[in-house]
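Q: Numbering (the working numbering), first residue to last: 77 to 160. Just so it is clear, CB atoms sit at the ideal spot from N, CA and C, and this is done for glycine as well. Could you have a look at this structure, given as structure tokens, before my questions?
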């Protein structure tokens, strides 16, 4: 039985993307908006990458400031990579 967390369900949810600063490339891969590393599209893998690599720097950014950061990072990424 697949377990779904109460924090947003599937890794494709906007909540997971906002919490972990990733964007989905396809069904199997996501790209980190901060370091542009490809990560397996599994909740554990996404959270592990974020927690080990970026949480200490970005966890204090919340609300509109975080939305603005995500928009900025997505625009930077879209200039170098095709994103969905």
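Please report the distance separating the alpha-carbon of residue 142 from that of residue 136.
A: Against the chain shown, residue 142 aligns to sequence position 66. Against the chain shown, residue 136 aligns to sequence position 60. Between residue 142 and residue 136, the C-alpha separation is close to 9 Å.
Q: Does the separation of the CB atoms of residue 146 and residue 97 fall below 8 Å?
A: Here residue 146 is taken as the residue at index 70 of the chain shown, counted from 1. Here residue 97 is taken as the residue at index 21 of the chain shown, counted from 1. Result yes, Cβ atoms of residue 146 and residue 97 sit closer than 8 Å.
Q: Specify, as a first and last residue, the run of the beta strand (DSSP E) that residue 100 falls within.
A: Position 24 of the chain shown, counting from 1, holds the residue named residue 100. Residues 98 to 100.
Q: Hey, how far is the Cα of residue 123 from the Cα of residue 107?
A: Numbered from its first residue, the chain shown carries residue 123 at position 47. Numbered from its first residue, the chain shown carries residue 107 at position 31. The alpha-carbon atoms of residue 123 and residue 107 are separated by roughly 12 Å.
Q: Using the Cα positions of residue 130 and residue 113, report the straight-line distance between them to the nearest angstrom.
A: If you number the chain shown from 1, residue 130 lands on position 54. If you number the chain shown from 1, residue 113 lands on position 37. Each residue's alpha carbon lies about 12 Å from the other.
Q: Between which two residues does the beta strand (DSSP E) containing residue 141 stretch?
A: Here residue 141 corresponds to residue number 65 of the chain shown, with the count starting at 1. Segment 139 to 156 is the alpha helix (DSSP H) holding residue 141; no beta strand (DSSP E) there.
Q: Give me whichever residues DSSP pairs with residue 116 in a beta bridge.
A: Reading the chain shown from its first residue, position 40 is the one you call residue 116. In DSSP, residue 116 forms a bridge with 105.
Q: Could you check where the alpha helix (DSSP H) with residue 135 kicks off and where it finishes?
A: One-based indexing of the chain shown puts residue 135 at position 59. Residue 135 -> no alpha helix (DSSP H), and no H or E assigned at all.
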